[in-house]
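Numbering-wise, the numbering used here comes out as the position in the sequence shown, counting from 1, plus 4. For glycine and all other residues, C-beta sits at the position ideal for the given N, C-alpha and C. These numbers were taken from a predicted model, which means no experiment stands behind them.
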Amino acid sequence: MYHIAQLTKSYGPRLVLDGLNLAIAPQAINVILGPSGCGKTTLLNILAGLDNDYQGTVGALSALSASYVFQEDRLLPWRSALDNVAFALLAFMEAPAARAKATGALEGLGLAAFQHHYPATLSGGMRRRVALARAFACPGQLMLLDEPFGALDLKTRIAVMDSFLELHQGDCRTTVLVTHEVREAIYLADSVLTLSGAPAQARDRFPVQLDRAGRSFASPQSAALEAALYASILA
5 MYHIAQLTKS YGPRLVLDGL NLAIAPQAIN VILGPSGCGK TTLLNILAGL DNDYQGTVGA
65 LSALSASYVF QEDRLLPWRS ALDNVAFALL AFMEAPAARA KATGALEGLG LAAFQHHYPA
125 TLSGGMRRRV ALARAFACPG QLMLLDEPFG ALDLKTRIAV MDSFLELHQG DCRTTVLVTH
185 EVREAIYLAD SVLTLSGAPA QARDRFPVQL DRAGRSFASP QSAALEAALY ASILA
């Protein structure tokens, strides 16, 4: 386990994280579930090394190289899908290798026919897939995802989540994904860690022991876990 201990963060007089203690399982999908505005994005920014003004420790997580999927796609509008992915890889490899790896990543997400399209011509689900391709193509030991599916309609969201799970199965890097959607958490997680409202404190940890092949939104098998998660975040 990776351990986050007594993590505290303030913006001026406003306390956002209040002595947060979390255990993050390696090579697993750790979903952080909490209400909007409770500090989930702040936590990811700290784990990504984008914010070093905090108290406490994130332990060995701070030494891991990270890929970050933001709430927004953050694609360069003047570059094609292929060039958006390849551009992120230039820090790690030469241009021909970057384009080859980017091509493979897009093909793996069903975007081979759209790799030369620009973001404005892609649907929301396609842009999310490009962002995921970019994150998985970049070498790293830690993947951070900030409500990456929230802007999608339900049908598209499930399809993109399935693509994410398929990619993660072949590239089991340590993953921290934040959401405020209980059913999304159950669908994706190996374990769910619940947070209180702001200032965020850790509440509970729930292993998700449902078989992945049988998971679906609002399935009877997940009803008890769903009720427990709602009780935890609403307490």
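R161 to L86 span [Cα, whole Å]: Roughly 22 Å between the two C-alpha positions.
Evaluate E111 with the Cβ neighbour count: other Cβ atoms within 10 Å of its Cβ, from every protein chain shown; 16 or more gives buried, anything less gives exposed. Classification of E111: exposed, given that the 10 Å Cβ count is below 16.
Decide if H7 is buried, meaning its Cβ has at least 16 other Cβ atoms within 10 Å, or exposed. With fewer than 16 other Cβ atoms within 10 Å, it is exposed.
Pull up the distance between the alpha-carbon of A224 and that of L80, whole angstroms please. Reading the sequence as shown, one finds Pro at residue 224 and not Ala. Approximately 42 Å, taken between the alpha carbons.
Could you please give the first and the last residue of the uninterrupted alpha helix (DSSP H) stretch that includes A27? For A27, there is no enclosing alpha helix (DSSP H); the residue is found in the beta strand (DSSP E) stretching over 18-28.
Anticipated Cβ contact below 8 Å, L238 with F210, distance rounded: Contact between L238 and F210 fails: their C-beta atoms lie close to 14 Å from each other, not under 8 Å.
Since L146 and T178 are thought to touch, with beta carbons under 8 Å apart, how far apart are those beta carbons, to the nearest angstrom? Between L146 and T178, the beta carbon gap of about 5 Å places them in contact (Cβ cut-off 8 Å).
Quick one: any contact between the segment 165-178 and the segment 87-94, if contact means 3 or more CB pairs under 8 Å? Not touching, per the Cβ criterion.
Cα separation between L37 and L68? About 22 Å.
Confirm, please, whether the CB-CB distance from A9 to T61 is below 8 Å. For T61 and A9, yes; Cβs fall inside 8 Å.
Quick test of the definition: if touching needs 3 or more C-beta pairs under 8 Å, does the segment 18-30 touch the segment 191-210? Counting C-beta pairs with one atom in each stretch, the segment 18-30 and the segment 191-210 have three or more that are closer than 8 Å, which means they touch.
If the criterion is Cβ atoms closer than 8 Å, does the pair D194 and A70 meet it? Cβ atoms of D194 and A70: not closer than 8 Å.
Over what stretch of residues does the alpha helix (DSSP H) that includes A163 continue unbroken? Note, A163: alpha helix (DSSP H), 158-174.
Please identify the residue among L19, V35, K13, S14 whose C-alpha is closest to the C-alpha of V196. When the alpha-carbon of V196 is set against those of L19, V35, K13, S14, the nearest one is in V35.
Where does F96 sit, in a helix, a strand or coil, going by DSSP? If DSSP states are grouped into helix, strand and coil, F96 belongs with coil.
For T107 and G16, what's the separation of their Cα atoms in angstroms? For T107 and G16, the distance between alpha carbons rounds to 45 Å.
Ordered along the chain, which non-local residues of its own chain (more than five positions away) have a Cβ less than 7 Å from that of P39? Same-chain partners within the cutoff: H184, G201, I237.
What whole-angstrom Cβ distance do V73 and D150 have, given they're in contact under 8 Å? At roughly 7 Å, the Cβ-Cβ gap stays under 8 Å, so V73 and D150 are in contact.
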